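Engineer: Okay, here's the structure, questions in a sec.
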Amino acid sequence: MSESSATLNQQQTQHPFLQHHFTDAEQQFDASKIGMWLFLVTELLLFGGLFVAYGILQSMHPEAFVEAHHHLDRTLGAFNTGVLLLSSFTMVMAVWAAQVSKRKALIVNLSITLVLAGGFLVVKYFEYAHKFYDGLLPGSFYTFEGGTAANQHIFFSFYFMMTGLHGIHIVLGMIAMGWLLRRAIRGDFSARYFTPVDLVGLYWHLVDLIWIYLFPLLYLVG
45 MSESSATLNQ
55 QQTQHPFLQH
65 HFTDAEQQFD
75 ASKIGMWLFL
85 VTELLLFGGL
95 FVAYGILQSM
105 HPEAFVEAHH
115 HLDRTLGAFN
125 TGVLLLSSFT
135 MVMAVWAAQV
145 SKRKALIVNL
155 SITLVLAGGF
165 LVVKYFEYAH
175 KFYDGLLPGS
185 FYTFEGGTAA
195 NQHIFFSFYF
205 MMTGLHGIHI
215 VLGMIAMGWL
225 LRRAIRGDFS
235 ARYFTPVDLV
245 GLYWHLVDLI
255 WIYLFPLLYL
265 VG
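Each number in my numbering corresponds to the 1-based position in the sequence shown with 44 added.
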C-alpha cells in the first residue's frame, strides 16, 4: 500500500464522513460552506427578481395593491414572523449543540425548529383557505366582487406566487431537518463533524430572512 493511500485510510478512520476527494475535514467543511453560499446567492436572485417585479407592478397599480392588502390578516402574518424568528434561534442553538457535542440539546432544538416550521405552514393554510373561500385568487381565478380598485388580482398573483414559493422552501427545510434529526438520534454529529447541521442552518436563516421581507411587502403595503 502506498504512503498516500495509507494516509487517506487513516484520515477516513479518524473522520468517517470525510469524502475521498478532500484532504482533510477542514477542507471538506470549507468547500461545503462555499457551495451552500453559492446556492443561497441563486435563491436571493430568484426572490430578488420577484421583489423587483412586484415593485414595478405596485407602482403601476398603487390603489389596487393598497386595497388588496387589506384582505390579508396582519395578526397572522406577524405571528408567523415571530414563529420563524424563534425557529431561527432554535436552529442557531442546534448548530451550537452540534459544535460542542451536546447530542440531547441538538435533538431538542432540531425538534423544536421542526415543530415551529410546521406551525408556520398550519397558519398559512388557514390564510390560504380564507382567500380561496372569498375568491381572492390569482389571475383569471379571481372572483371576488367587492372593492373599488381594479386589478387587485395582480396583487394576489404575487401574493400566492411569493408566499407559495416560500412555503415550498419551508417544506424542503423541514425535510432537511427531519434528515438531520434522524442522524442526530443516531449520533452522527459532534464537535468533529457537524457540517450538515451548519449548512441546513444557513439555509433556514435565508428562509427566515426572505419572510422578513415578504411580511412588510405584502401585509404592510399601506
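Note that the Cβ used here is the ideal one computed from N, Cα and C, for glycine as well. Note that this is a predicted model, so its numbers are computed, not measured.
Return yes when the Cβ of Asp-242 is within less than 8 Å of the Cβ of Ser-131, no when it is not.
Structural biologist: No; because the gap between Cβ atoms is not below 8 Å, this pair is not in contact.
Engineer: May I have the straight-line CA-CA distance separating Leu-128 from Tyr-172, to the nearest angstrom?
Structural biologist: Each residue's alpha carbon lies about 18 Å from the other.
Engineer: Measure the alpha-carbon distance for Ala-142 versus Ser-155 and round it to whole angstroms.
Structural biologist: Going from the Cα of Ala-142 to the Cα of Ser-155 covers about 14 Å.
Engineer: Do Asp-178 and Phe-188 count as a contact pair if the criterion is CB distance below 8 Å?
Structural biologist: Yes, the Cβ-Cβ distance between Phe-188 and Asp-178 is below 8 Å.
Engineer: Sort Trp-81, Lys-148, Val-215 by Cα distance to Gly-231 and report the nearest one.
Structural biologist: Comparing Cα positions, the closest option is Lys-148.
Engineer: CA-CA distance, Ala-220 and Thr-192?
Structural biologist: One C-alpha to the other measures close to 45 Å.
Engineer: For the alpha helix (DSSP H) containing Ala-173, list its first residue and its last residue.
Structural biologist: It spans 147-178 - the alpha helix (DSSP H) in which Ala-173 sits, taken as one unbroken run.
Engineer: Could you check the C-alpha separation between Glu-47 and Arg-236 for me, to the nearest Å?
Structural biologist: Since pLDDT at Glu-47 reaches only 47, below the 50 mark, its modelled position is unreliable, and no value is offered.
Engineer: In chain order, what residues of the same chain lie with their CB nearer than 7 Å to the CB of Gly-208, ignoring the 5 residues before and after it?
Structural biologist: Once the five neighbours on either side are set aside, Gly-208 has no close Cβ partner at all.
Engineer: Classify Leu-160: buried if its beta carbon has 16 or more other beta carbons within 10 angstroms, exposed otherwise.
Structural biologist: So Leu-160 counts as buried.
Engineer: Taking the DSSP output, what are the residues bridged to Tyr-237?
Structural biologist: Ser-234, per the DSSP bridge assignment.
Engineer: Might you give, ordered along the chain, the residues of its own chain that have their beta carbon closer than 8 Å to the beta carbon of Gln-54, omitting 5 neighbours on each side?
Structural biologist: Note that Gln-54 has pLDDT 46, beneath the 50 cutoff, so the model's placement of it is unreliable and the number below is only indicative. Taken in chain order, the list of residues that qualify is empty.
Engineer: Determine the contact status of Gly-245 and Val-139, defining contact as a CB-CB distance below 8 Å.
Structural biologist: In this structure, Val-139 lies closer than 8 Å to Gly-245 by Cβ.
Engineer: State the DSSP-derived secondary structure class of Asn-195, mapped to helix, strand or coil.
Structural biologist: It is coil, neither helix nor strand.
Engineer: Could you spell out the range, first to last residue, of the alpha helix (DSSP H) harbouring Gly-121?
Structural biologist: Residues 118-143.
Engineer: Kindly indicate the opening and closing residues of the alpha helix (DSSP H) around Phe-109.
Structural biologist: Run containing Phe-109: 106-113, per the alpha helix (DSSP H) assignment.
Engineer: Between Val-241 and chain D, is any beta-carbon pair separated by less than 8 Å?
Structural biologist: Of the protein chains in the structure, only one exists, and it is not chain D.
Engineer: Cα-Cα, which of Ile-198, Met-104, Gly-211 is closest to Gly-162?
Structural biologist: Of Ile-198, Met-104, Gly-211, the residue nearest in Cα terms is Gly-211.
Engineer: Can you tell me whether DSSP reads Leu-209 as helix, strand or coil?
Structural biologist: Here Leu-209 sits in helix by DSSP.
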